[in-house]
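Here is the structure we will look at.
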Amino acid sequence: MSKKIKVRFAPSPTGDLHVGNIRTALFDWAYARHTGGTFLFRIEDTDTTRVTDEYINAAIDTLKWLGLDWDEGPEVGGDNGPYLQSQRLDIYAHWAAKFIEQKDAYHCYCSPEELEAVREAQRAANQAPGYNGHCRDLTVEQIAAYKTQGRAAVVRMRMPDGGTTFNDLIRGEMAFDHKFVPDFVLVRADGSPLYTLAVAVDDILMKVTHVLRGEDLLSSTPRQIRVYQAMGVSLEDYPVFAHLPFVMGADNAKLSKRNGEVSIAWYRDKGFLPEAICNYLALLGWSPGDDRENLTMKELCELFTVEKVNSSPARFDMKKLEAINGDKIRALTIDDFLTWALPFLIKAQVISGAEDEVALVKRALPIIQERIIMLSEIPAMLKFLFVKDFAIEPESLSKVTESGAKDVLARSLKELEPITDWTHEAIEAALRASLIEEMGLKPRIAFGAVRIATTGSTISPPLFESMELLGKAASLSRIAAALTL
RNA sequence: GGCCCCGUCGUCUAGCGGCCUAGGACUCUGGCUUCUCAAGUCAGCUACGAGGGUUCGAAUCCCUUCGGGGCUACCA
798 MSKKIKVRFA PSPTGDLHVG NIRTALFDWA YARHTGGTFL FRIEDTDTTR VTDEYINAAI
858 DTLKWLGLDW DEGPEVGGDN GPYLQSQRLD IYAHWAAKFI EQKDAYHCYC SPEELEAVRE
918 AQRAANQAPG YNGHCRDLTV EQIAAYKTQG RAAVVRMRMP DGGTTFNDLI RGEMAFDHKF
978 VPDFVLVRAD GSPLYTLAVA VDDILMKVTH VLRGEDLLSS TPRQIRVYQA MGVSLEDYPV
1038 FAHLPFVMGA DNAKLSKRNG EVSIAWYRDK GFLPEAICNY LALLGWSPGD DRENLTMKEL
1098 CELFTVEKVN SSPARFDMKK LEAINGDKIR ALTIDDFLTW ALPFLIKAQV ISGAEDEVAL
1158 VKRALPIIQE RIIMLSEIPA MLKFLFVKDF AIEPESLSKV TESGAKDVLA RSLKELEPIT
1218 DWTHEAIEAA LRASLIEEMG LKPRIAFGAV RIATTGSTIS PPLFESMELL GKAASLSRIA
1278 AALTL
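Numbering (this note's numbering), first residue to last: 798 to 1282.
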């Protein structure tokens, strides 16, 4: 029996989680769910100068919002915690000491300045910059001398001659010659651990079986494997690696602040649905193999396999995300749509959230559902139903003050006044009979004038439905008001 | 510079030696529908980076080349 699959997502929250992080998290999660395995969430906060509590909490919040639930990690706990590396310092210290004792690692007394000088020289000589092994085999006298100078040492892993090979699930057989993998630092001079130590130790201790991560970590894999060896892990207990291709910005550079929106918080504020974001991101670097594209989270889990992940990088395309978001919004039930819409309307101060307002919003949602691609468009679309100080947008004013329009409005007023059952059918029947048939006007001209008078804009939800929602009193008073302009 | 990864329409992709005069989706263009805007629907544009091989046959295999990206930290 093969062991149960455990996939981990281990971000280093040095800022808000961005699109690339989330795509990785999504794949990690989907793979765990697909295989019936465990999804583990770990915070890599060994770089205390860059990771903050605020970012950690934001990361937790973002994953929850997206619906990527984890089985082990912050808040939910688990048998292999703690899941914040900053709380596991003693564990790393133990292994670092052991590595030194085993001579797998050694103290390096070179100062940052000296190392930089070496690299500078290497660059000048057109050589590959990298640690030159200066402190690999210091004598006791040399060590004593350094100590007398008061030098603090880092712990460096000794890379043996030879190479490392491993099978990447996405890229196949990978081979790295140790000539190009210099001895690397495990522990800083102040005693704090580095990612290089912590990832490897944690993946083993937390019994992670599959490491799916960004391809930027591909060339650091031999270092992780070196740590497994030093830990005495047997080959069959090494995690399996799969290096995901990048998500890039429009100009082919890595996605960044200046190159497309990266922060998931931005997408949330804009009114993208989590399911749309996940659906779109899943299609970046992966496809189910057939022509299916509109997938629910459930279908995603059922269909997702690492083998189907592409090896080439993908460009982020906002237009396609928008298209998918529009699809997802249209697929929402009215109750769900209402739940998503309300916060946007309240935040924009279109409504306060009162019961009668919510009821009206609920009636109005069906007519705007197929007209928006983002939830943030809702306030502008429904504003006309709620504004106290109604005013026609300046750029459309002329279309309602011209004499032809005046005739249309005057006639409309006359025809609408007697209507007792204020429904869009009755409104439409009355206006069509008078404006189109009797006055012989083109619908777009006639209805255009009424639209501007009642909704304040040339663009609105369907006119008759809008007027029904607005109510008879408000509709008539707005038309009457337009007549006086 | 060195090491590594990658290369099919504008974009995301299907394709894993013959089913490909390369399919789907988004975008774009045009038509239909139509009270505006959408939605829907129909049609169209556009791709195997280049050059060599291997083969009866290559987008699919090999080599070279060009192009893009990553790593080369006491970041992750």
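Every residue, glycine too, gets a C-beta built ideally from N, C-alpha and C.
Taking C-beta atoms as the reference points, R948 and D980 fail to come closer than 8 angstroms. Sequence-distant partners of K1117 (beyond 5 residues in either direction) whose C-beta falls short of 7 angstroms from its own C-beta, in its chain, are Y1077. In the three-state reduction of the DSSP assignment, I840 falls in the strand class, which pools E and B. DSSP links K803 through a beta bridge to T835. Put simply, the backbone Cα of D974 is about 60 angstroms away from that of I1165. For L863 against C1075, the beta-carbon gap comes to about 6 angstroms, under 8 angstroms, which counts as contact. For the pair V848 and A829, the CB atoms are not nearer than the 8 angstroms cut-off. T846 and P1085 have their C-alpha atoms spaced approximately 41 angstroms apart. Annotation for F1244: no beta strand (DSSP E) segment contains it, though the alpha helix (DSSP H) segment containing it runs 1240-1252. Distance from I857 to P879 at the Cβ level is roughly 14 angstroms; contact not present, criterion being Cβ atoms closer than 8 angstroms. Between the stretch 1155-1169 and the stretch 1096-1115, the count of C-beta pairs closer than 8 angstroms stays below three; the two stretches do not touch. The alpha helix (DSSP H) runs lying completely inside the stretch 1130-1164 and spanning 4 residues or more are 1131-1144, given in chain order. If you draw a straight line from the Cα of A1250 to the Cα of E1167, it is about 24 angstroms long.
Under a 10 Å Cβ-count criterion, T936 is classified as exposed, with fewer than 16 other Cβ atoms of the shown protein chains found around its own Cβ.
S1060 and T1220 have their alpha carbons spaced roughly 44 angstroms apart. The distance from the Cβ of S1254 to that of E1190 is about 5 angstroms, consistent with a contact at the 8 angstroms cut-off. Contact between E1119 and I1170 holds, since their C-beta atoms are separated by about 5 angstroms, short of 8 angstroms. Per the Cβ contact rule, the stretch 978-995 is in contact with the stretch 918-936 (3 or more Cβ pairs under 8 angstroms). K861 is not a Cβ neighbour of T835, given a cutoff of 8 angstroms.
If you compare the alpha carbons of I897, L881, S809 with that of G1011, the shortest gap goes to S809. Taking L1041 as reference, the option from P1071, T1281, F806 with the minimal CA-CA separation is F806. In this chain, the beta strand (DSSP E) harbouring M954 covers 951-954. For R1065, the closest C-alpha among the options G1046, D1013, V1184, F1141 is that of F1141. Rounded to whole angstroms, the separation of the alpha carbons of L1135 and L1014 is 42 angstroms. In this structure, the alpha-carbon of V998 lies about 59 angstroms from that of F1183. 8 angstroms or more divides the Cβ of L1092 from the Cβ of A1111.
In the structure shown, the three-state DSSP call for A1111 is strand. Annotated as distal: V1005 and F1038, with beta-carbon spacing of 8 angstroms or more. Around the CB of R820, 16 or more other CB atoms lie within 10 Å, so the residue is classed as buried.
A1207 carries a helical assignment under DSSP once its states are collapsed to helix, strand and coil. Within the DSSP secondary-structure output, A1120 pairs in no beta bridge.
DSSP places Y1077 in the uninterrupted alpha helix (DSSP H) bounded by 1071-1079. Partner residues in the beta bridge of L881, as assigned by DSSP, are I840. The Cβ-Cβ distance between A1243 and V1205 falls below 8 angstroms. Under the three-state reduction of DSSP, M1264 is assigned to helix. At a Cβ-Cβ threshold of 8 angstroms, A1207 and A1246 do not count as neighbours.
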